[in-house]
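Engineer: Structure below; questions to follow.
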Amino acid sequence: MTDRAMGNIRERSMNTSLYQLHGQRFCTDDQPHSHRLDWLKEVIGREYANVDVTPFNDEPVFNEMAIYPWSNGVRFSPIKTHSLQIERLSREPTNISQDCYFAVLVTKGKYKLEQDGREVFLEKGDMTLYDATQWHRITMPQAVSKVIISLPRDYFRQRISHIGNLTAKKISTKSGTAAITASCIQSLTQQLDILDCNTFHSLHDPLVDLLTLSLNQLEPKSVQLSNTQSSTLFHVKRYINQHCHYHDLSPKMISEAVGLSVRYINNLLQAEHTSLMRYVTQQRLNSVYRKLNSRQFMHRTITEIALESGFNNMAHFSRAFKAQFGLSPRQFRQDSKNKMFLFDA
Numbered sequence: 001m002t003d004r005a006m007g008n009i010r011e012r013s014m015n016t017s018l019y020q021l022h023g024q025r026f027c028t029d030d031q032p033h034s035h036r037l038d039w040l041k042e043v044i045g046r047e048y049a050n051v052d053v054t055p056f057n058d059e060p061v062f063n064e065m066a067i068y069p070w071s072n073g074v075r076f077s078p079i080k081t082h083s084l085q086i087e088r089l090s091r092e093p094t095n096i097s098q099d100c101y102f103a104v105l106v107t108k109g110k111y112k113l114e115q116d117g118r119e120v121f122l123e124k125g126d127m128t129l130y131d132a133t134q135w136h137r138i139t140m141p142q143a144v145s146k147v148i149i150s151l152p153r154d155y156f157r158q159r160i161s162h163i164g165n166l167t168a169k170k171i172s173t174k175s176g177t178a179a180i181t182a183s184c185i186q187s188l189t190q191q192l193d194i195l196d197c198n199t200f201h202s203l204h205d206p207l208v209d210l211l212t213l214s215l216n217q218l219e220p221k222s223v224q225l226s227n228t229q230s231s232t233l234f235h236v237k238r239y240i241n242q243h244c245h246y247h248d249l250s251p252k253m254i255s256e257a258v259g260l261s262v263r264y265i266n267n268l269l270q271a272e273h274t275s276l277m278r279y280v281t282q283q284r285l286n287s288v289y290r291k292l293n294s295r296q297f298m299h300r301t302i303t304e305i306a307l308e309s310g311f312n313n314m315a316h317f318s319r320a321f322k323a324q325f326g327l328s329p330r331q332f333r334q335d336s337k338n339k340m341f342l343f344d345a
């Protein structure tokens, strides 16, 4: 049987599963060549997160994604793509579907995720998690197949309130609960064309439970906050993340902006073993980390990057950066260049 015939069979199978499970399919092959990149950026921005999309090399743009709605706003999305780099833009989420955490299972290829000052390299069978509303960068230097499970923030925080500590960490699927979770996700993907709607929806709770257990094994003793506290802390952090590049950002300014006392904010942050101004410094360091690790900012000096990220004391910045990341800013930039070269290869 020819490749084209096999492709037609697979497409008919996907169309059947989409119809049965009320899913949607988006594919660049349905668009003119000249429009594919802009179209892909628009679709990802509407369905997942506001991002910039850049082909990683000279191969043609290709992306095929299916989105199957589950209960509680959870969505199950098998995706195939050629090499790409995807970077979260700074603007606020435009759709409720973007206010999510994304659990990712790679089923083919290589995948790198950067978020919260961390980076994780994934290959076939590996899993990770990221926050769709916060800055992140995804690099896929070759063709990748993956499954994204979209987990609405409020819904998932009822299960894991310390979830912000778990982003951009590799979830080992070699054994234990995560191995079962990865196997279930892959099996579900392979069986989508034969499942009826009721059966598909009945799998929602057990699979989300397995995901929760898989994530919890990363940091099982983290402090749990109440739902109200967690929501309040999210809004405080969002304000800080949006304004930490101001040199004069102070506890008083933050307190007045969010309508909470400095003492109460510090009490909330204490559960995460930090304080208000330490958190501000951390976000500034994360900003510098991202830029030093980006091709886009390679022409900028370290001092320029530190200043525009909110630091105004270079000695303090250098000490804080080395304490956080284990290397001086200059050493880190060189190390990032070396990693880029190795990852490109």
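In full-length UniProt numbering, the protein residues as written are 1 to 345. Quick reminder that beta carbons are idealized off the backbone N, C-alpha and C, glycines included. Remember, predicted model here, so these are calculated numbers, not experimental data.
Taking the DSSP output, what are the residues bridged to F321?
Structural biologist: DSSP output for F321 lists no bridge partner at all.
Engineer: On the DSSP bridge assignment, give the partners of E64 in chain order.
Structural biologist: In DSSP, E64 forms a bridge with C27 and K80.
Engineer: Using the Cα positions of Q28 and L89, report the straight-line distance between them to the nearest angstrom.
Structural biologist: First, the residue type needs correcting, since residue 28 is Thr and not Gln in the sequence shown. Cα-Cα distance, rounded: 22 Å.
Engineer: For T301, which of helix, strand or coil comes out of DSSP?
Structural biologist: Three-state result, T301: coil.
Engineer: Do you know whose CA, among E114, T81 and D99, lies nearest K108's CA?
Structural biologist: Considering only alpha carbons, the answer is T81.
Engineer: Let me confirm a value: D248 is counted as buried when at least 16 other C-beta atoms fall within 10 Å, else exposed. Which label applies?
Structural biologist: By the neighbour-count rule (16 or more Cβ atoms within 10 Å), D248 is not buried but exposed.
Engineer: Any chance you could list the alpha helix (DSSP H) runs of at least 4 consecutive residues sitting entirely within the stretch 161-203, in chain order?
Structural biologist: Listed in chain order, they are 176-191 and 197-202.
Engineer: Short check: CB of residue 403 to CB of I79, under 7 Å?
Structural biologist: Because the chain is modelled from 1 through 345, residue 403 falls outside the range shown and cannot be assessed.
Engineer: Would you kindly report the start and end of the unbroken beta strand (DSSP E) that includes S145?
Structural biologist: Residues V144 to P152.
Engineer: Whole angstroms are fine: how far does the CA of S175 sit from the CA of F156?
Structural biologist: About 24 Å.
Engineer: What does a CB cutoff of less than 8 Å around I185 pick up in its chain, not counting 5 residues either side in sequence?
Structural biologist: If we look at I185 and ignore the five residues flanking it on each side, its Cβ neighbours are L105, V147, I149 and L207.
Engineer: How would you call R153, buried or exposed, if buried means at least 16 neighbouring beta carbons within 10 angstroms?
Structural biologist: So R153 counts as buried.
Engineer: Helix, strand or coil: which one does DSSP assign to L285?
Structural biologist: Reduced to three states, the DSSP call for L285 is helix.
Engineer: How big is the Cα-Cα spacing for H299 and M277?
Structural biologist: About 30 Å.
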